[in-house]
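*Asks:*
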Amino acid sequence: MAGLDISREKLSEKAKLVQWLSVIVVLGYNMTRKEVNRLGLFGATSYIVGSVIGSGIFVSPKGILEHAGSVGLSLIIWVAAAVLASLTAINYIELGTSIPESGAEFAYVSYVGWYPIAFSFLWLATLIQWCSC
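Residues 1 to 133 (our numbering) are what the sequence shown spells out, left to right.
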């Protein structure tokens, strides 16, 4: 069979190519085949930023400026909102590292033993998130 004749040189070139493709370099971190499904720091940050920042950041300044009345006050409102968002993110970082369970707020409230409140929070969050999507 002429089509199946592969020389050793071509085979070694293909083996090198497969070996090269099995190692993915992302921001200096080598990820082997077992780690392909894991996100690096840049990938995880991009995923979160992309899911949080939508078109609202380009639409909402008009409304804030109309209600604030001045550019200076609207900038102060933006900075205050950024500080509050950063404090919220820091709180979630602390909770996520101290309570390493999946389930977000449900897991955190269940951890302290408030199961009825955790259950209610879960259902309310589910209903609100479905309606807002």
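All residues carry an ideal CB built from backbone N, CA and C; glycine is no exception.
1) Taking the alpha helix (DSSP H) that G50 belongs to, which residues open and close that run?
2) Give the single residue among L75, V83, F121 whose Cα lies nearest to the Cα of F106.
3) If you drop the 5 nearest sequence neighbours on each side, which residues of the same chain put their C-beta closer than 8 Å to that of G28?
4) Roughly how many angstroms lie between the CA atoms of Y115 and G40, to the nearest whole one?
5) With DSSP collapsed to three states, give me the class of S102.
*Replies:* Taking the structure as given:
1) Here residue 50 is taken as the residue at index 50 of the sequence shown, counted from 1. Start and end: 41-52.
2) As a first step, residue 106 is located in the sequence shown; it is residue number 106 there, counting from the start. Comparing Cα-Cα distances from F106 to each of L75, V83, F121, the minimum goes to F121.
3) Position 28 of the sequence shown, counted from the start, is the residue given in the question as residue 28. Reliability fails at G28, whose pLDDT of 46 lies under 50, so the model's placement of it is uncertain and the value that follows must be treated cautiously. Answer for G28: no residue qualifies.
4) Taking the sequence shown and counting its residues from 1, one reaches residue 115 at position 115. Taking the sequence shown and counting its residues from 1, one reaches residue 40 at position 40. The alpha-carbon separation between Y115 and G40 amounts to approximately 34 Å.
5) The residue labelled residue 102 in the question sits at position 102 within the sequence shown. The answer is coil: DSSP assigns S102 none of H, G, I, E or B.
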